[in-house]
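Residue numbers (this note's numbering), protein chains in the order written: chain V, 182 to 514; chain D, 26 to 405; chain W, 136 to 507. No residue lacks a Cβ here, since even glycine has one placed at the ideal position from N, Cα and C.
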């Protein structure tokens with residue numbers, strides 16, 4: 182029994198720490214990483230935007246549409262931002278100016294966003310990413326041509342052989358961290374989300390900040406979504422994001438609204454999602470009930486639930502920006 | 026500079042007219058987007074209407090969509106009235122159906138049909154309420170955020186039902202294909218001239234929910250907790266117990282929706298039994314301002330929209346996704362119109378106190394401003 | 136008082152609806168045009184399964200011109216009984232008198248609809264119920280194709296080309312149709328290379344590029360050097376190319392990975408749809424359980440790419456005529472051993488039709504499990 186346990190653990194560890202698994206998991210987590218950084222910026226302003234799925238789809242469809250029609254990567258990214266940003270703008274108008282309940286506004290956005298994205302996407306269904314753009318993402322800028330020794334080979338395969346999109350995502354997370362914690366603008370954002378009244382009283386333009394960062398957060402979600410049709414698949418399908426937008430909402434809490442932690446968090450969620458495939462191929466592990474593929478599909482959600490409960494034990498029911506959910510009325514200050 | 030001040034009250038006429046304006050703005054905005062996509066606007070809208078009412082088949086389909094949507098929305102409305110954000114409708118539908126399925130599999134084959142159906146409905150209630158009470162427990166006792174928790178419970182339910190579908194409850198009679206067996210024929214809700222008798226469910230439940238909320242002590246307590254938890258405490262109410270019962274009822278009714286769907290239209294269990302009703306019902310409950318009778322009306326409109334969407338896809342080749350554009354924009358516009366209804370924007374002076382915008386006449390009912398729009402006390 | 140009034144209004148509305156549905160309004164339409172309805176499980180241009188059907192329908196349209204009018208509903212989830220019922224109802228309501236339901240999960244709703252609308256013809260793909268077999272009426276039949284013939288030949292290509300003797304197979308669901316394909320592929324590969332093993336990874340989705348890619352990567356990391364799939368996106372092919380491996384596709388030809396793509400088993404439904412629609416146009420509807428193969432042109436092996444070696448080409452050609460002529464009877468002819476090495480089919484026999492339809496075991500050489 183004990184022996185079985187150790188050998189099973191050994192098999193599991195050898196899978197999880199293999200270079201190819203790490204590489205697969207990183208590739209699988211790009212979309213969520215962008216989304217998490219974007220949504221946590223929005224939440225830092227005091228607004229929980231449940232419409233992430235809608236914004237991702239909007240970014241994906243408008244960006245991909247632009248790519249196919251213009252063959253320009255620049256326009257693709259621009260339109261992804263415009264599409265997702267438009268959705269975020271609607272949400273901002275509703276929740277900042279019109280003081281609508283954030284949950285319902287976000288839900289409306291996810292429905293509207295998916296509807297518009299799918300309608301637009303069906304116009305470019307039978308197309309694929311233009312070659313010039315596809316070529317850019319087939320490049321592996323940091324990969325070593327002949328790594329010497331097992332360590333370098335491992336590092337090369339696991340971390341250095343990805344496309345540009347992956348590295349940009351990581352860069353965005355790093356920049357966001359520096360911005361949030363080391364700049365004045367970031368401080369103003371954080372204060373807005375923690376105590377809007379105080380921020381307002383000290384002269385910070387809270388309304389402007391909320392609008393700006395809600396829209397910026399949405400744009401990042403859109404760029405994340407764009408990865409799917411533009412790079413990952415090379416064509417459009419309805420509802421491509423397959424629920425990753427909802428996982429992002431959970432991920433933001435999991436990483437405690439901290440962009441650097443989002444890198445690790447997205448990685449954990451991504452690897453949990455694909456762990457099933459490698460486990461299936463391992464005879465020792467696949468006979469253990471808990472590694473049943475359907476049970477394993479529950480893991481990311483269970484993990485989120487555990488984290489939520491754990492936070493509550495520490496008496497921090499909502500350990501995030503305190504102003505989330507509360508519309509701000511200057512008159513009540 | 027302009028100030029925003031809350032209106033003390035507004036008349037029912039104002040409420041209807043502002044929401045209607047919001048609805049119309051939503052239609053206009055979606056028309057603009059539909060035109061931008063290159064589809065004929067007027068023809069699309071007419072086809073949407075034709076597709077939902079224009080024939081007996083269409084109406085039957087609309088009613089078929091209406092039943093689970095309205096029951097779910099009614100269940101959710103109880104939770105929302107307490108400001109308990111039950112986003113877990115989809116999961117509660119599934120687990121209600123799962124419990125009902127389980128009961129049908131355990132009961133001996135000789136059980137009389139009506140008895141089996143009653144047992145399945147009860148099981149549906151239990152399944153849904155248990156699933157709702159898992160996050161509910163943590164919210165009540167540890168203030169864990171229920172929005173996220175209930176959302177995750179949806180996916181856990183879906184994964185679990187997939188496990189049943191492919192493995193635990195796999196039906197050997199399906200020649201190797203995955204799937205769960207059908208429920209016994211005598212447990213199926215019969216159809217009368219093409220319409221499912223399950224229509225009885227929302228009819229009964231709307232009356233029950235209406236009386237619960239408006240006429241019972243529990244309903245009153247639920248409303249007070251929703252308005253302000255501190256006030257409820259101060260008035261000596263056992264807030265924890267009220268929330269517990271509220272969540273139990275909410276999840277239970279949604280679970281019944283799942284059981285009814287199982288016995289009415291699908292006949293078997295699969296992970297897509299919910300069909301998105303859990304999320305759409307949130308939209309419906311909100312548009313109906315959590316009022317039970319209005320929920321029926323709004324459910325009907327949304328069901329018509331869903332049926333119409335299929336129709337326009339067949340008739341005009343317009344993607345069904347267009348209906349989601351209309352749905353989302355209508356919701357957003359009506360939500361936005363709430364603001365104009367409840368708040369007065371005064372241009373100019375600082376220091377002006379709350380002003381009454383309209384003095385209601387004797388004949389009109391006066392509504393006190395219910396804090397559906399959030400204020401500091403009732404966040405998230 | 137007012138609230139009770141609104142409650143009564145709501146109830147009256149619902150009762151009124153019921154009353155209206157009581158009276159059936161039949162539309163009088165004197166159309167000489169045959170309205171054909173199609174229900175797809177994914178978008179018509181998904182680059183995979185539905186597109187293959189759609190291209191078949193397009194061929195029928197090209198043949199019959201304006202004698203037919205085709206109506207369709209896409210992305211109808213076949214596990215959602217309510218949506219399926221509504222879809223079929225909408226097509227019937229629009230006047231369709233011949234309806235094709237293209238996915239297995241539509242089977243029971245199709246049976247129910249056939250019973251409800253005896254004047255409409257229904258043809259269901261990849262199922263086992265039809266008039267005389269699980270359904271008493273006369274207006275429903277079934278169709279599918281012996282794609283296993285093409286799978287077998289593609290297995291020969293893989294068996295000849297592999298260097299690690301490990302073949303990867305990204306598979307959607309553990310259902311008989313998929314299991315048949317895996318077995319046919321394995322039998323074909325081992326007919327030229329008895330040392331080969333086929334590793335199976337289940338994705339539980341017909342179409343999810345990210346998931347398919349991750350699954351393929353796991354197989355590639357495990358040592359497989361040729362990928363095959365029963366999926367509707369080309370992700371596994373792309374993953375193979377990135378890893379410097381070869382790949383065999385499915386459903387449609389794929390030009391996006393010229394350094395990996397060898398060939399693919401393809402569907403060509405044009406033959407069937409032209410045939411069946413022609414039957415109805417001539418008023419000669421006949422119930423059958425259509426199961427065309429390479430001989431009828433429903434299943435095809437894509438042209439072998441320049442990457443395929445001469446030896447592999449020769450091996451394929453050697454087997455091609457017999458496979459084409461005899462179909463699955465040849466593919467599943469004994470002796471066949473199962474995964475545990477037991478003889479399941481003796482020499483001189485072949486797997487009976489029903490056992491093929493309900494296949495739930497793997498042949499020798501397959502590494503993978505079928506959930507029980």
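Problem - Contacting residues, own chain, Cβ-Cβ under 8 angstroms from residue 352 (chain W) (five flanking each side not counted) - result: Once the five neighbours on either side are set aside, the close Cβ partners of residue 352 (chain W) are 374 and 378.
Exercise for the section: Work out the CA separation of residue 367 (chain D) and residue 380 (chain D) for me, nearest whole Å. Expected result: Any answer about residue 380 (chain D) is weak, because its pLDDT of 37 lies below 50 and its placement is not dependable; what the coordinates show is given next. Looking at the two C-alpha atoms, the distance is approximately 12 angstroms.
Problem - DSSP-derived helix/strand/coil call for residue 337 (chain W) - result: Strand at residue 337 (chain W).
Problem - Backbone CA spacing between residue 154 (chain V) and residue 274 (chain V) [nearest angstrom] - result: Absent from the model: residue 154 (chain V). The displayed extent of chain V is 182 to 514, so no value can be given.
Problem - residue 400 (chain W): first and last residue of the uninterrupted alpha helix (DSSP H) it sits in - result: Unbroken run through residue 400 (chain W) is the beta strand (DSSP E), 400-402; no alpha helix (DSSP H).
Practice task
Give every residue of the same chain whose Cβ lies closer than 7 angstroms to the Cβ of residue 504 (chain W), excluding the five residues on either side of it in the sequence, and list them in chain order.
Solution key: Counting only Cβ-Cβ distances below 7 angstroms, and skipping sequence neighbours, we find nothing.
Exercise for the section: Starting from the C-beta of residue 392 (chain V), find all residues in its chain whose C-beta is less than 7 angstroms away, skip the five residues before and the five after it, and write them out in chain order. Expected result: 273 and 277.
Practice task
Give a yes or no on whether the minimum CB-CB distance between residue 75 (chain D) and chain W is below 7 angstroms.
Solution key: Put simply, the CB of residue 75 (chain D) is far from chain W, with every gap to its CB atoms at 7 angstroms or more.
Handout entry: the stretch 404-420 of chain W / the stretch 335-345 of chain W touching (three or more Cβ pairs under 8 angstroms)
Key = By the Cβ criterion, the stretch 404-420 of chain W is not in contact with the stretch 335-345 of chain W, since fewer than three pairs of Cβ atoms, one from each stretch, lie closer than 8 angstroms.
Practice task
Rounded to whole angstroms, what's the CA-CA distance from residue 329 (chain V) to residue 315 (chain V)? Just pull it up for me.
Solution key: Each residue's alpha carbon lies about 30 angstroms from the other.
Practice task
Determine, using beta carbons only, whether residue 383 (chain D) comes closer than 7 angstroms to chain W.
Solution key: Caution is warranted here: a pLDDT of 34 is assigned to residue 383 (chain D), below 50, making its placement in the model unreliable, and no coordinate value can be reported.
Practice task
Return the chain-ordered list of same chain residues with a C-beta closer than 7 angstroms to the C-beta of residue 258 (chain D), the five sequence neighbours on each side being excluded.
Solution key: 264, listed in sequence order.
Practice task
Report yes or no: do the stretch 343-358 of chain V and the stretch 203-220 of chain V share at least 3 C-beta pairs separated by less than 8 angstroms?
Solution key: Short answer: they touch.
Handout entry: Cutoff 7 angstroms: residue 86 (chain D) Cβ touching any chain W Cβ
Key = By this cut-off, residue 86 (chain D) is an interface position.
Practice task
Using a Cβ-Cβ cut-off of less than 7 angstroms, give me the residues of the stretch 419-439 of chain V that come near chain W, in sequence order.
Solution key: Within the stretch 419-439 of chain V, the qualifying residues are 419 and 423.
Handout entry: Bridge partner(s) assigned by DSSP for residue 304 (chain W)
Key = Note: residue 304 (chain W) sits in a beta bridge opposite W:335 and W:363.
Practice task
Look at residue 512 (chain W) and residue 205 (chain W) and say whether their C-beta atoms are less than 7 angstroms apart.
Solution key: The displayed coordinates of chain W run from 136 to 507. Any statement about residue 512 (chain W) would go beyond what the structure contains.
Practice task
Only counting runs of 3 or more residues, tell me where the beta strand (DSSP E) segments fall wholly within the stretch 179-253 of chain W, in order along the chain.
Solution key: With a minimum length of 3 residues, the unbroken runs of beta strand (DSSP E) contained wholly in the stretch 179-253 of chain W fall at 203-208 and 233-236.
Exercise for the section: Alpha carbon to alpha carbon, how far is residue 284 (chain V) from residue 472 (chain V)? Give it in angstroms, no decimals. Expected result: Rounded to whole angstroms, residue 472 (chain V) to residue 284 (chain V) spans 35 angstroms at the Cα level.
Problem - Burial state of residue 488 (chain W), where buried means 16 or more other Cβ atoms lie within 10 Å - result: Residue environment for residue 488 (chain W): exposed (fewer than 16 other C-beta atoms within 10 angstroms of its C-beta).
Practice task
Would you tell me roughly how many angstroms separate the C-alpha atoms of residue 435 (chain V) and residue 262 (chain W), rounded to the nearest one?
Solution key: A direct Cα-to-Cα measurement between residue 435 (chain V) and residue 262 (chain W) gives close to 45 angstroms.
Problem - Exposure of residue 243 (chain W), with buried meaning 16 or more beta-carbon neighbours within 10 Å - result: By the neighbour-count rule (16 or more Cβ atoms within 10 Å), residue 243 (chain W) is buried.
Problem - Spatial distance of residue 395 (chain V) from residue 228 (chain V) (CA atoms) - result: Residue 395 (chain V) and residue 228 (chain V) have their alpha carbons spaced roughly 8 angstroms apart.
Practice task
Could you tell me the distance, in whole angstroms, from the CA atom of residue 233 (chain V) to the CA atom of residue 143 (chain D)?
Solution key: Near 41 angstroms, if we compare the C-alpha coordinates of residue 143 (chain D) and residue 233 (chain V).
Practice task
Quick one: measure Cβ to Cβ for residue 222 (chain V) and residue 397 (chain V), integer angstroms, because I've assumed they're closer than 8 angstroms.
Solution key: Right, their Cβ atoms sit about 6 angstroms apart.
Handout entry: Other residues of its chain near residue 88 (chain D): CB distance less than 8 angstroms, five sequence neighbours each side excluded
Key = Excluding sequence neighbours, residue 88 (chain D) sits near 220, 221, 224 and 328.
Exercise for the section: Run down chain W in chain order and give the residues with a C-beta less than 7 angstroms from the C-beta of residue 455 (chain V). Expected result: Those within 7 angstroms of residue 455 (chain V) in chain W are 349.
Practice task
Indicate whether the contact test is met: 3 or more Cβ pairs, each with one atom in the stretch 109-116 of chain D and one in the stretch 313-332 of chain D, closer than 8 angstroms.
Solution key: Three or more beta-carbon pairs separated by less than 8 angstroms are not found between the stretch 109-116 of chain D and the stretch 313-332 of chain D, which leaves the two stretches without contact.
Practice task
Would you verify that the beta carbon of residue 238 (chain W) is, or is not, closer than 7 angstroms to some beta carbon of chain V?
Solution key: No, because no Cβ of chain V sits closer than 7 angstroms to the Cβ of residue 238 (chain W).
Practice task
Report the option in V:430, V:353, V:450 and V:389 whose CA atom is closest to the CA atom of residue 366 (chain V).
Solution key: The alpha carbon of residue 366 (chain V) has as its nearest neighbour, out of V:430, V:353, V:450 and V:389, the alpha carbon of V:389.
Practice task
Output yes if chain W places a C-beta closer than 7 angstroms to the C-beta of residue 413 (chain V); else output no.
Solution key: Residue 413 (chain V) has a beta carbon lying within less than 7 angstroms of a beta carbon in chain W.
Problem - Chain-ordered neighbours of residue 271 (chain V) on chain W, where CB pairs are closer than 9 angstroms - result: Under the 9 angstroms cutoff, chain W gives no residues; its nearest Cβ is about 25 angstroms from residue 271 (chain V).
Exercise for the section: Compare the beta carbon distance of residue 484 (chain W) and residue 500 (chain W) with 7 angstroms and say whether it is the shorter of the two. Expected result: With respect to the 7 angstroms criterion, residue 484 (chain W) and residue 500 (chain W) are not classified as neighbours on the basis of their beta carbons.
Problem - residue 380 (chain W), DSSP secondary structure in three states - result: Coil at residue 380 (chain W), not helix or strand.
Exercise for the section: Please go through the same chain and pick out, in chain order, the residues whose beta-carbon is closer than 6 angstroms to the beta-carbon of residue 290 (chain V), but skip the five residues on each side of it. Expected result: Here the set comprises 232, 235, 268 and 272.
Exercise for the section: State the DSSP-derived secondary structure class of residue 174 (chain W), mapped to helix, strand or coil. Expected result: Strand.
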